[in-house]
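Input: a single structure, listed below in structure tokens.
Protein chains: 2
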Amino acid sequence: MATDSREYILETAFVLFMQRSFKAVTMNDIVKSSGMSKGAFYHYFKSKEEVFQEVVNTYFMKLTDIDYAKCSHESLKSFYSDLVSNLQNQTGFLQQLRKAKESGEAFNYFQLLFDAMYLSPVLKTRILEMQTKEMKAWTEIIGIAKKKGEIKTDLADKDIAKLFIYVNDGAGMNNILRNRVGGAIRDMMALYGSLYELLKV
Amino acid sequence: MATDSREYILETAFVLFMQRSFKAVTMNDIVKSSGMSKGAFYHYFKSKEEVFQEVVNTYFMKLTDIDYAKCSHESLKSFYSDLVSNLQNQTGFLQQLRKAKESGEAFNYFQLLFDAMYLSPVLKTRILEMQTKEMKAWTEIIGIAKKKGEIKTDLADKDIAKLFIYVNDGAGMNNILRNRVGGAIRDMMALYGSLYELLKV
DNA sequence: ACTTTAAAACCGACCATTCGGTATTTATAC
DNA sequence: GTATAAATACCGAATGGTCGGTTTTAAAGT
């Protein structure tokens, strides 16, 4: 019972922090949404900040800390296909969250990202590091794709990498603004595909 | 004195709402930052919501509601050059705001965007309309560029438009996360240029 | 196996502080 | 003197958190 209660509160908090800013989500929101009492909440977590920190360390990092080593290094196309596949898994994960189903509000990953960076400089550093890792992974696969003759362009590897990364972020933003989840995967695949079309031999 | 005071409070509020979420910015933050009293604030604005609404209707819209008709329709390259030029003007505008100079905190346009959309469904509709307008403008210029033989690709106009738009948004996000303002213009130009390189004849 | 004791889980009223806003007074401009 | 602008003390509600109490579960004792 204990593990379930703590986990349930955490999941509830995660969903709320994905929908509204940290400050906009009140303790009463969390308590009411979880169906438990404030006393029960404080049995498991020391404070609002602590549950937020935990949400970031668990759920948020699950969405953010992508293991690029697991993506194919055979080709650029398979690399981004694996990334889209990963995105699909994440979407599935979010959709099966119990609390998500009850709520009509959109998930806003970037809202949680801003809050995390604002509330903790350590987290900010960590997030920036992950972005650096992302850039490195893309630059690498693009170099490989060039060497293999998969793609052909005079553009620098890093500049191409930027295109792929920023297109992904921009599309992610667009999906949030339009409260779209399902069609997002197909769109992401199409966007990467468009860029790929411009690059391939 | 009256117009200056009201405008000064509004500008102060704008800066604060660009740095933190609506709820995280308290009335006392606004009052202290403006150097005026609460009573003075309430002389001009009915409530916190009203000043936020005004901030969105003025400053935010100035940054968001871009008149694409003013951008060159001679070529894709001049179109996006005009957009970058516009971005430069906006950056300059933000940098000359009095309150901005005092504060070390990063401006986060997207935070204000999220708050605006969350707090007002009317604004949300309006913002989505502006995005549609943006898409239309890009699609149009890309069609023109194709007709003129400036660019050559089998990709649909709208798909190319998406690439340009999302790259811009993603890069904007990246600049916010890295608290970068100055270099952002050059980067944006380079990103558009990279895409253009992939497309031009 | 049952009973007693201890610990954990949970509750909800209450607390101190903060919040957005109000009422009244004072200051300034004309 | 009047109208506008501004200040300050105060208000009631909301906020994150505390605390004494109750219920449930686990462990120890017989």
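Protein sequence lines, in the order shown, are assigned to chains A and B.
When the letters of the first sequence are read in order and numbered with our numbering, they come out as residues 1 to 201.
When the letters of the second sequence are read in order and numbered with our numbering, they come out as residues 202 to 402.
Ideal placement from N, C-alpha and C gives every residue a C-beta, glycine not left out.
Under 8 Å between C-beta atoms, does Leu313 (chain B) make it to chain A? Taking Cβ atoms only, chain A never reaches closer than 8 Å to Leu313 (chain B), which makes this a no.
Rounded to the nearest angstrom, how far is the Cβ of Gly170 (chain A) from that of Asn369 (chain B), given a contact under 8 Å? Contact holds; Cβ gap of about 7 Å.
If we cut at 8 Å on Cβ distances, does Val232 (chain B) have a partner in chain A? Judged by the 8 Å Cβ criterion, Val232 (chain B) is not in contact with chain A.
Any beta carbon from chain B within less than 8 Å of Ala184 (chain A)'s own beta carbon? No - not a single Cβ of chain B is within 8 Å of the one on Ala184 (chain A).
Is Leu217 (chain B) close to chain A, meaning its C-beta is less than 8 Å from at least one C-beta of that chain? Taking Cβ atoms only, chain A never reaches closer than 8 Å to Leu217 (chain B), which makes this a no.
Who are Ile328 (chain B)'s beta bridge partners in DSSP? Bridge partners of Ile328 (chain B): none, in fact.
Could you check the C-alpha separation between His274 (chain B) and Val226 (chain B) for me, to the nearest Å? Answer to the nearest angstrom: the Cα atoms are 42 Å apart.
Just list the residues that DSSP pairs Phe352 (chain B) with in beta bridges. One point to set straight first is that residue 352 (chain B) is Ile, not Phe, in the sequence displayed. Its beta-bridge partners are B:Lys401.
DSSP state of Gly193 (chain A), grouped into three classes? If DSSP states are grouped into helix, strand and coil, Gly193 (chain A) belongs with the helices.
Taking 8 Å as the CB-CB cut-off, is Asp169 (chain A) touching chain B? True, the Cβ-Cβ gap to chain B drops below 8 Å.
Beta carbon of Asp360 (chain B), beta carbon of Ser194 (chain A): below 8 Å? In contact: Asp360 (chain B) and Ser194 (chain A) (Cβ atoms closer than 8 Å).
Does the CB of Ala225 (chain B) have a neighbour CB from chain A at under 8 Å? Yes, contact with chain A.
Does DSSP put Asp65 (chain A) in a helix, in a strand, or in coil? DSSP, reduced to helix, strand and coil, places Asp65 (chain A) outside both helices and strands of the structure shown, so it counts as coil.
Using 8 Å as the Cβ pair cut-off and three pairs as the minimum, do the region 59–75 of chain A and the region 111–131 of chain A touch? Taking one beta carbon from each stretch, the region 59–75 of chain A and the region 111–131 of chain A have 3 or more pairs nearer than 8 Å; the two touch.
Is there at least one non-hydrogen atom of the ligand GTP closer than 7 Å to the beta-carbon of Glu351 (chain B)? For the ligand GTP, the structure offers nothing, since it holds no ligand at all.
What does the Cβ neighbour count give for Gly373 (chain B), buried or exposed, with the cut at 16 atoms within 10 Å? Buried is the call here.
Would Asp82 (chain A) pass as an interface residue toward chain B - the criterion being a Cβ-Cβ separation below 8 Å? So, not an interface residue.
In chain order, what residues of the same chain have a beta carbon less than 8 Å from the beta carbon of Val168 (chain B), not counting five sequence neighbours either side? The question about residue 168 (chain B) has no answer, for chain B in this structure spans 202 to 402.
At least one CB of chain B closer than 8 Å to the CB of Asn89 (chain A): is that the case? Taking Cβ atoms only, chain B never reaches closer than 8 Å to Asn89 (chain A), which makes this a no.
What residue range does the alpha helix (DSSP H) around Glu256 (chain B) cover? Per the sequence shown, residue 256 (chain B) should be read as Val rather than Glu. Residues 249–256.
In chain order, what residues of the same chain have a beta carbon less than 7 Å from the beta carbon of Ser21 (chain A), not counting five sequence neighbours either side? Excluding positions up to five away in sequence, the list reads Gln111, Asp115.
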